[in-house]
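Each residue of the sequence shown is one higher than the last, beginning at 186 in this note's numbering.
Just so it is clear, CB atoms sit at the ideal spot from N, CA and C, and this is done for glycine as well.
Please read all numbers here as calculations on a predicted model, not as lab measurements.
To start, the structure under review is shown below, and the notes come after it.
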Amino acid sequence: MSSPFSALKPSARLSDQVASALEAEIRAGRIQAAEKLPTEAVLAQQFQVSRTVVREAISRLKSLELVDSRQGSGVYVLAPGIEPLQFDLPHTASREAVMQIVEVRRALESEVAELAALRRTDDDIASIRQAVQRIAEAVRAGRDGVEEDVLFHRAIAQAAGNPFMISTLDYLAQFLKGATRVTRANEARRADFADAVNHEHTQIVLAIEAGDAAAARAAAAQHMKNALARIEQADIAFWAQDGARLAQPLVAASAPLVF
186 MSSPFSALKP
196 SARLSDQVAS
206 ALEAEIRAGR
216 IQAAEKLPTE
226 AVLAQQFQVS
236 RTVVREAISR
246 LKSLELVDSR
256 QGSGVYVLAP
266 GIEPLQFDLP
276 HTASREAVMQ
286 IVEVRRALES
296 EVAELAALRR
306 TDDDIASIRQ
316 AVQRIAEAVR
326 AGRDGVEEDV
336 LFHRAIAQAA
346 GNPFMISTLD
356 YLAQFLKGAT
366 RVTRANEARR
376 ADFADAVNHE
386 HTQIVLAIEA
396 GDAAAARAAA
406 AQHMKNALAR
416 IEQADIAFWA
426 QDGARLAQPL
436 VAASAPLVF
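This is how it looks when you write it as structure tokens:
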């Protein structure tokens with residue numbers, strides 16, 4: 186390597202910072218495939234961290250298939266493949282993080298709803314209807330309905346008939362659940378919000394059932410647009426208490442998704 190690495194900032198997990206720095210060098214081609222990495226001791230000195238931190242960083246690079254250990258020889262760089270999709274959300278439990286995830290949902294779920302309207306079968310409609318019913322049952326039982334809400338949208342994705350879309354939504358579920366916990370907790374505080382969500386779900390289902398692709402897309406997009414508006418109306422007290430606590434899953438460590 187042409188230049189040593191600099192010391193790290195204490196603001197994030199050190200091993201993640203080391204791994205990210207090395208990954209960036211490998212993907213940019215500044216560390217070539219088949220090149221041997223410096224020893225743990227050298228990297229620890231360059232980054233000014235412990236050898237344990239370096240070891241954890243190397244382990245992460247191995248999981249990404251960017252390096253390989255050779256017994257008695259060292260750690261060697263592998264040719265990087267397609268860069269994995271990962272979400273790094275350092276702005277923990279924030280209103281902005283939740284809104285950004287809802288924006289992702291709006292882009293994805295409007296397309297999913299449109300395809301579902303075009304491709305749904307009778308069995309798909311039955312599954313979607315059942316999912317809506319389970320949301321209502323969860324609320325009546327005093328639960329937050331988050332799992333049921335996520336499964337409702339997954340049932341629509343199933344009807345769209347695109348396995349790649351389903352895989353993407355399954356990966357995103359760890360983030361969607363966090364955002365959905367926040368939106369549903371906010372909506373449960375006001376009867377008009379809860380009624381609006383039920384109405385929006387119904388409009389999506391009716392459009393899919395009717396095979397009206399344009400209406401299904403519009404209904405799904407409107408549902409997410411309204412969810413954003415409801416988040417914007419949440420007061421400061423909500424974000425200082427329930428909002429911040431419920432948004433914590435958004436910053437959980439995530440596994441990479443490779444396309």
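Stretch-stretch touch, CB-based, cutoff 8 Å, three pairs: the segment 203-210 with the segment 242-257: yes
Does the contact criterion of 3 or more C-beta pairs under 8 Å hold for the segment 299-306 versus the segment 256-267? no
In or out: Phe378 buried (at least 16 other Cβ within 10 Å) or exposed? Reading the sequence shown from its first residue, position 193 is the one you call residue 378. Burial call: buried.
Quick check on DSSP: helix, strand or coil for Asp397? As a first step, residue 397 is located in the sequence shown; it is residue number 212 there, counting from the start. Note: Asp397 maps to coil in three-state DSSP.
Tell me Arg255's beta-bridge partners as DSSP assigns them. Here residue 255 corresponds to residue number 70 of the sequence shown, with the count starting at 1. Arg255 is bridged to Gly259.
Using a Cβ-Cβ cut-off of 8 Å (strictly less than) and excluding sequence neighbours within five positions of Arg245, which residues of its own chain qualify? In the sequence shown, counting from the first residue as 1, residue 245 sits at position 60. Ser200, Asp201, Ala204.
What residues in its chain sit with their C-beta under 7 Å from that of Arg450, if we drop five residues either side in the sequence? Absent from the model: residue 450. The displayed extent of the chain is 186 to 444, so no value can be given.
Within the continuous alpha helix (DSSP H) that includes Lys247, where are the two ends? On the sequence shown, residue 247 is found 62 positions in, with the first residue counted as 1. Where Lys247 is concerned, the enclosing alpha helix (DSSP H) stretches over 236-248.
Status (buried if at least 16 other CB within 10 Å, exposed otherwise) for Ser295: Residue mapping note: residue 295 aligns to position 110 of the sequence shown, counting from 1. Its Cβ being crowded by 16 or more others within 10 Å, Ser295 is buried.
For Ile313 versus Ala344, is the C-beta distance shorter than 9 Å? Residue 313 sits at position 128 when you count from the first residue of the sequence shown. Residue 344 sits at position 159 when you count from the first residue of the sequence shown. Against a cut-off of 9 Å, the Cβ pair of Ala344 and Ile313 comes out as a contact.
Where Pro441 falls, given that 16 or more other Cβ within 10 Å makes a residue buried: Here residue 441 is taken as the residue at index 256 of the sequence shown, counted from 1. Confidence at Pro441 is low in this model, with a pLDDT of 40, below 50, so its placement is unreliable and the value that follows should be read with caution. With fewer than 16 other Cβ atoms within 10 Å, it is exposed.
Taking DSSP's pairing of strands, which residues face Lys410 in a bridge? Position 225 of the sequence shown, counted from the start, is the residue given in the question as residue 410. Answer is none; Lys410 lacks a bridge partner.
Pair within 9 Å by beta-carbon distance, Ala406 and Ala392: Taking the first residue of the sequence shown as 1, we reach residue 406 at position 221. Taking the first residue of the sequence shown as 1, we reach residue 392 at position 207. It is not a contact, given that the beta carbons lie outside the stated cut-off.
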